[in-house]
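Q:
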Amino acid sequence: MITKEQIQELAKKFSIDWYSIMREYLQIVFLASLYESKSSQDVYFKGGTAIRLLLNSFRFSEDLDFTVRLHSEDIEKLVIKTVEKMKLTVPNIAFKKLKTIHKSYSGSLQFKDEEYKSPVNIHLEFSYREKPLTQKESVLETLFPVNPYPLIIHLSWNEILAEKIRALMTRTKGRDLFDTWYLMSKGTEIDLSLINKKMALYGRKITKEDIVNKVKNFNYEILEGDLNKYLPATHRKLTEQLKEILEKKLI
Numbered sequence: 001m002i003t004k005e006q007i008q009e010l011a012k013k014f015s016i017d018w019y020s021i022m023r024e025y026l027q028i029v030f031l032a033s034l035y036e037s038k039s040s041q042d043v044y045f046k047g048g049t050a051i052r053l054l055l056n057s058f059r060f061s062e063d064l065d066f067t068v069r070l071h072s073e074d075i076e077k078l079v080i081k082t083v084e085k086m087k088l089t090v091p092n093i094a095f096k097k098l099k100t101i102h103k104s105y106s107g108s109l110q111f112k113d114e115e116y117k118s119p120v121n122i123h124l125e126f127s128y129r130e131k132p133l134t135q136k137e138s139v140l141e142t143l144f145p146v147n148p149y150p151l152i153i154h155l156s157w158n159e160i161l162a163e164k165i166r167a168l169m170t171r172t173k174g175r176d177l178f179d180t181w182y183l184m185s186k187g188t189e190i191d192l193s194l195i196n197k198k199m200a201l202y203g204r205k206i207t208k209e210d211i212v213n214k215v216k217n218f219n220y221e222i223l224e225g226d227l228n229k230y231l232p233a234t235h236r237k238l239t240e241q242l243k244e245i246l247e248k249k250l251i
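Note that our numbering has the sequence shown beginning at 1, numbered continuously upward.
#1: Can you grab the Cα-Cα spacing for the pair Leu159 / Val79, in whole Å?
#2: Please state whether the Cβ-Cβ distance between Thr82 and Leu64 is less than 7 angstroms.
#3: Buried or exposed: where does Tyr128 fall if 16 or more other Cβ atoms within 10 Å of its Cβ makes it buried?
#4: Please say whether Leu140 and Tyr149 have beta carbons closer to each other than 7 angstroms?
#5: Express the C-alpha separation of Ser37 and Trp181 in angstroms, rounding to a whole number.
#6: Looking at the strands, I want to know which residues DSSP matches up with Asn228.
#7: On the premise that Leu155 lies in contact with Thr234, defined as a C-beta separation below 8 angstroms, what is that separation, rounded to the nearest angstrom?
#8: Give the straight-line distance between the Cα atoms of Lys214 and Ala167, rounded to the nearest whole angstrom.
#9: Between the alpha carbons of Ile101 and Leu201, how many angstroms are there, rounded?
#10: Do Arg171 and Asp226 come within 7 angstroms of each other at the CB atom, strictly closer than that value?
#11: Please classify Asn158: does DSSP put it in a helix, a strand, or coil?
#12: Less than 6 angstroms between C-beta atoms, sequence neighbours within five positions excluded: which residues of the same chain meet that for Lys126?
#13: Ser104 by DSSP, collapsed to three states: which one?
#14: Which same chain residues, not among the five before or five after Lys173, have their C-beta less than 6 angstroms away from its C-beta?
#15: Please state the DSSP three-state secondary structure of Gln135.
#16: Can you list, in chain order, the residues of its chain whose CB lies under 8 angstroms from that of Asp17, leaving out five sequence neighbours each side?
#17: Once DSSP output is grouped into helix, strand and coil, what is the label at Tyr44?
#18: Looking only at C-alpha atoms, which of Gln241, Glu24, Pro232 and Thr207 sits nearest to Tyr220?
#19: Considering just the uninterrupted stretch of the alpha helix (DSSP H) at Ile7, what are its terminal residues?
#20: With Leu250 as the anchor, note down where its alpha helix (DSSP H) starts and where it stops.
#21: When you compare each of Lys103, Leu246, Glu224 and Leu183 to Lys216 by their alpha carbons, which one comes out closest?
#22: Under 7 angstroms, do Ile28 and Val146 count as touching if we go by C-beta distance?
#23: What residues are listed by DSSP as bridge partners for Leu192?
#24: Under 7 angstroms Cβ to Cβ from Lys87, same chain only, skipping five residues before and after it: list those, please.
In structure tokens form, the structure reads like this:
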């Protein structure tokens with residue numbers, strides 16, 4: 001179990017609040033426990049937290065998102081087993097099932113301890129509405145006290161980027177704009193064919209021009225309000241330039 005002193009040291013190092021540090025520690029312990037199970041071979045990590053933990057993004061993230069090749073009852077068994085393993089390291093962790101709708105199983109992890117001011121919550125989302133199109137394996141290297149490093153199965157960066165662009169086109173969250181830029185800054189290329197396979201879920205087809213226009217017209221107040229709380233204090237000025245630098249990468 002991470003100590004309060006270690007949390008304070010990491011919060012100082014990353015210029016972020018203690019809550020974000022504790023949440024990330026719990027995310028890593030959950031992933032390490034999850035990928036010890038044989039049935040985790042059908043669980044593909046994705047989303048902003050995958051970008052943060054496996055590609056060293058400097059944006060902290062609150063949810064754990066997965067695409068799975070499992071039925072809801074098998075997902076639930078796996079999650080319960082994973083949380084029981086977690087309790088060996090983090091005794092005060094609890095899991096609550098939320099709902100199973102739209103071919104998706106969701107739940108919430110909650111950590112409570114009298115040493116900490118407020119409970120730490122992590123949303124879990126396991127989606128089986130689409131089949132994964134790609135697969136990669138990466139070691140999750142971390143400064144947090146988790147050993148050995150877990151080997152994580154995840155969607156390829158191209159597929160994660162395609163899903164991020166789909167999210168950017170279908171909702172208004174600044175984190176999608178940031179994650180799209182970050183993936184592209186790491187050399188992940190836009191694959192319009194793959195993006196449109198993802199967009200088919202919404203009965204839509206888009207062009208690169210559509211993506212550029214979405215970025216150009218993205219409301220700055222919404223961008224700042226959604227994004228800055230997940231960025232280190234030292235990096236929040238990036239928000240002011242983010243639309244412009246992403247537009248340049250897209251053109």
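Glycine included, each C-beta is placed from N, C-alpha and C at the ideal position.
A: According to the structure data:
#1: Taking the sequence shown and counting its residues from 1, the one referred to as residue 159 is at position 159. Taking the sequence shown and counting its residues from 1, the one referred to as residue 79 is at position 79. The sequence shown places Glu at residue 159, rather than the Leu named in the question. Spanning the two alpha carbons is a distance of roughly 24 angstroms.
#2: The residue you call residue 82 lines up with position 82 of the sequence shown. The residue you call residue 64 lines up with position 64 of the sequence shown. Not a contact, by the Cβ cut-off of 7 angstroms.
#3: Indexing the sequence shown from 1 puts residue 128 at position 128. Buried, by the Cβ-count rule.
#4: Within the sequence shown, the letter at position 149 stands for residue 149. Within the sequence shown, the letter at position 140 stands for residue 140. Yes, Cβ-Cβ distance for Tyr149 and Leu140 is below 7 angstroms.
#5: Walking along the sequence shown from the start, residue 181 turns up at place 181. Walking along the sequence shown from the start, residue 37 turns up at place 37. Going by the C-alpha atoms only, they are around 33 angstroms apart.
#6: Against the sequence shown, residue 228 aligns to sequence position 228. The partner list for Asn228 (beta bridge, DSSP) is empty, contrary to what the question assumes.
#7: Translated into the one-based positions of the sequence shown, residue 234 becomes position 234. Translated into the one-based positions of the sequence shown, residue 155 becomes position 155. About 30 angstroms separates the two Cβ atoms, so there is no contact after all.
#8: Numbered from 1 along the sequence shown, position 214 holds the residue referred to as residue 214. Numbered from 1 along the sequence shown, position 167 holds the residue referred to as residue 167. If you take the alpha carbons of Lys214 and Ala167, they lie about 11 angstroms apart.
#9: Taking the first residue of the sequence shown as position 1, residue 101 is located at position 101. Taking the first residue of the sequence shown as position 1, residue 201 is located at position 201. If I take the Cα positions, the gap works out to 16 angstroms.
#10: Here residue 226 refers to the residue found at position 226 of the sequence shown. Here residue 171 refers to the residue found at position 171 of the sequence shown. Not closer than 7 angstroms, so no.
#11: Translated into the one-based positions of the sequence shown, residue 158 becomes position 158. In this structure, Asn158 counts as helix in the three-state DSSP scheme.
#12: On the sequence shown, residue 126 is found 126 positions in, with the first residue counted as 1. The residue asked about is misnamed: residue 126 is Phe in this sequence, not Lys. Phe66, Val68, Ile75 and Tyr105.
#13: As a working note, residue 104 is residue 104 in the sequence shown. Strand.
#14: On the sequence shown, residue 173 is found 173 positions in, with the first residue counted as 1. Correct list, in chain order: Asp226.
#15: Counted from its first residue, the sequence shown places residue 135 at position 135. Three-state result, Gln135: coil.
#16: Numbered from 1 along the sequence shown, position 17 holds the residue referred to as residue 17. The answer, listed in chain order, is Ala11.
#17: As a working note, residue 44 is residue 44 in the sequence shown. In the structure shown, Tyr44 sits in a strand (DSSP, three-state: E or B).
#18: Taking the sequence shown and counting its residues from 1, one reaches residue 220 at position 220. The residue with the shortest Cα to Cα distance from Tyr220 is Gln241.
#19: Locating residue 7 in the sequence shown gives position 7, where the first residue counts as 1. Lys4 to Phe14 is the extent of the alpha helix (DSSP H) around Ile7.
#20: Here the question's residue 250 lines up with position 250 in the sequence shown. Per DSSP, Leu250 belongs to the alpha helix (DSSP H) from Leu238 to Leu250.
#21: The residue you call residue 216 lines up with position 216 of the sequence shown. Nearest C-alpha to Lys216: Leu246.
#22: Start at 1 with the first residue of the sequence shown, and residue 28 comes out as number 28. Start at 1 with the first residue of the sequence shown, and residue 146 comes out as number 146. Going by C-beta atoms, Ile28 is nearer than 7 angstroms to Val146.
#23: As a first step, residue 192 is located in the sequence shown; it is residue number 192 there, counting from the start. DSSP output for Leu192 lists no bridge partner at all.
#24: Residue mapping note: residue 87 aligns to position 87 of the sequence shown, counting from 1. If we look at Lys87 and ignore the five residues flanking it on each side, its Cβ neighbours are Ile93.
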